[in-house]
Each structure stands twice: as C-alpha cells, then as structure tokens.
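Once you know that position 79 of the sequence shown is 78 in numbering that gives the first Met the number 0, the rest is easy, because the numbers rise by one and skip nothing. All residues carry an ideal CB built from backbone N, CA and C; glycine is no exception.
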Amino acid sequence: MKARLPQGYQNSAPNMNQMVRKAQKMQEDIGKIQEELAVKEFTKQVGGGAIELVMTGDKQLKSVTIKPEVVDPEDIEMLQDLIISGVNEILKEVDDYGAAEMEKVTGGVSFPGFI
Numbered sequence: 000m001k002a003r004l005p006q007g008y009q010n011s012a013p014n015m016n017q018m019v020r021k022a023q024k025m026q027e028d029i030g031k032i033q034e035e036l037a038v039k040e041f042t043k044q045v046g047g048g049a050i051e052l053v054m055t056g057d058k059q060l061k062s063v064t065i066k067p068e069v070v071d072p073e074d075i076e077m078l079q080d081l082i083i084s085g086v087n088e089i090l091k092e093v094d095d096y097g098a099a100e101m102e103k104v105t106g107g108v109s110f111p112g113f114i
C-alpha cells in the first residue's frame, strides 16, 4: 500500500530552497540592523534639559551631562531620580527603535536575543 501525500507536497524541494534563501536573506538583514544600531546614537534630555544622556543602539551609555545648576548638595536624591528616569527612558527608546527596525525585516516574527 502506497501512502499518498496531499496535493502540493510532491514538489516541496523548490519551496524548501526558497524558504532557505528567504531565511538567509533575513539573517543578513538582521545582521545589518544590528551593525547600524551599534553605531546609531540616541539622545534623551530629562528635567527640562538639566540632564542629557547619549546612548548607542547597542545600549552603551556614552555620556551623561549634568548642568551645574541642577546639582544641589542638599537634594542629591532628586538628581539620582532624574538620572534613573533618563536612563530608563533612553533604554525604552532604543528598544522601541530596534524592535521597529527588526519588524520591518521579520514581518513581526520575534527572534529573542537579536535586539
């Protein structure tokens, strides 16, 4: 007795080759996005511009600039809160940008760990 395959499975080799080519192209595109993100810089100001942070797309904090008039020895906690807020905001911005760029390539399919 011969097993019968549903129609369309007889010529699956060309489809498999096409899928492999698409996956390789997607992998190349993801690599390009990761390279571009590594050098792209994001800037975030908090506290009305009192603190400015610069971070790369691969989440390396490049600089933190604090205006001298914001530094109050009597209220260090406010300064700490502003820095924490700024870091959290810029991390979210980097993540959102990376996810949007990745979605352009993957069509919404998630690949954890790539961005």
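Between the beta-carbon of Ala49 and that of Val69 there is about 4 Å, and that keeps the pair under the 8 Å contact cut. Around Glu73, the same chain offers no residue with a beta carbon nearer than 8 Å, after the five sequence neighbours per side are excluded. When secondary structure is reduced to three states using DSSP, Lys61 falls in the strand class.
For Val38, the closest C-alpha among the options Glu102, Thr105, Ala98, Val93 is that of Val93. The Cβ-Cβ distance between Tyr96 and Gly47 does not fall below 8 Å. The C-beta of Leu60 has fewer than 16 other C-beta atoms within 10 Å across all chains shown, which makes the residue exposed. In the three-state scheme derived from DSSP, where H, G and I count as helix and E and B as strand, Lys31 is classed as helix.
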